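Residue numbers (our numbering), protein chains in the order written: chain A, 296 to 352; chain B, 1146 to 1314.
We put the CB at the ideal spot given by N, CA and C, even for glycine.
Because the structure is a prediction, the values reported are computed rather than measured.
Since the structure comes first, as C-alpha cells, the remarks are kept for the end.
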Amino acid sequence: MIGLSFLLIAPFAQYSFYEIKNKNQYYYYYNLGISNVMLWTSTFVIGLINLLILMMI
Amino acid sequence: MSKLHIDSVTKSYNNKIILSDIFVSCEKGGIKGLIGRNGSGKSTLLKIVFGTEKPESKFIRIGNKVIKNISDGRNLINYLPQNNFLPNNISIKSLINLFLEKENRKIVLENENVKPLLNKKNQDLSGGERRIIEILLIIHSNAKFILLDEPFNGVSPVVKDYIIEYIKK
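This is the structure we're talking about:
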C-alpha cells in the first residue's frame, strides 16, 4: 500500500511543483537535452522502483 | 562549417497567422537580432526553433543535422527564456556544476559577478543577479547556437552593458 502511494506521490509532486507552479523551470532540463516526456518517464520509473523495493521488504 | 538554417516556419493561434514562412540563417559566431512589436511572434519563433512550441510546419537544420525536437538539439542549440528558469532550493554552485561541462565551469565559477553568489540559492537572488547567472550558463554551455529571449529583462544599465560586451566576446 505504501509502495503504491509512492507510485502516485511522485507524479503528483511533479505535476503540482513543475506543471502548475514552476513551469519555466523545465527549461533548465530542456537545455540539458532532456524532454518533457523523458522527465515524466523518469518520474514514473522512480515511483515504480520505490514500489518494487517496498514490496520486497 | 556549422550553420543554423531555419526555414518554412508557420504558426497560427485561433486561425490568426502569427508566423508565415519564416526564413532565418546564421553562421556559427554570428549574431542575429529579431525586432518586432509585442505579440508579433518573436518569442514564439525562438520556442519553435528550440522545440518547445509546436508549429504547423518547420524545418530546422544545424550543419547536416535536422532538428525535430529538444533531444535532437542537445549540445547544438540552447535557449534562454524570458523569465527565470533556474530551479529553486539548489545552490548556484550546484546548478553551475550540473549544467556545464568541466572545462567551462571554471570560467563561470570564477566570474566576478558570480563568485559572491555561489553559496546562495536561486530564490535568494535579485532578478538581475539571476539573469546574469542564466546568461553565463547559456553562453558557456556546449551549444553551437544560443537563442536569447529578452536577455536584458530586469537588469540594471551597468549589467546590461556588461552582458552586451560578454555576448560580443
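The criterion of a C-beta distance shorter than 8 Å is not satisfied by B:S1147 and B:D1294. Per the C-alpha coordinates, the member of A:L343, A:M351, A:Y321 positioned closest to A:L299 is A:L343. Residues of chain A with a Cβ closer than 9 Å to the Cβ of B:L1254 do not exist; the shortest Cβ-Cβ separation is about 18 Å. Burial is judged here by how many other beta carbons sit within 10 angstroms of a residue's own beta carbon; B:G1174 has fewer than 16 and is exposed. A distance below 6 Å between beta-carbons, with the five flanking residues on each side excluded, links B:I1212 to the following residues of its chain, in chain order: I1205, G1218. At a cut-off of 8 Å between C-beta atoms, A:Q320 counts as an interface residue with respect to chain B. The three-state reading of DSSP puts B:R1206 in strand, counting E and B together. Distance from the CA of B:P1296 to the CA of B:N1229, rounded to the nearest whole angstrom, comes to 11 Å.
Under the three-state reduction of DSSP output, B:N1233 falls in the coil class, being neither helix nor strand. A contact is defined here as three or more CB-CB pairs under 8 Å, and the region 318 to 326 of chain A meets this definition with respect to the region 1224 to 1244 of chain B.
Apart from the 5 residues on each side of it in sequence, B:I1284 sits with its Cβ closer than 8 Å to the Cβ of I1291, Y1311, I1312 in its chain, given in chain order. Distance check between B:N1267 and each of A:V340, A:N317, A:S330, A:T336 places A:N317 closest, using alpha-carbon atoms only. B:T1189 is outside the set of residues whose beta carbon lies under 8 Å from a beta carbon in chain A. Closest by C-alpha distance to B:L1245, out of B:P1261, B:F1195, B:I1176, B:I1280, is B:I1280. Under the 8 Å criterion on CB atoms, B:P1200 is classed as non-interfacial with respect to chain A.
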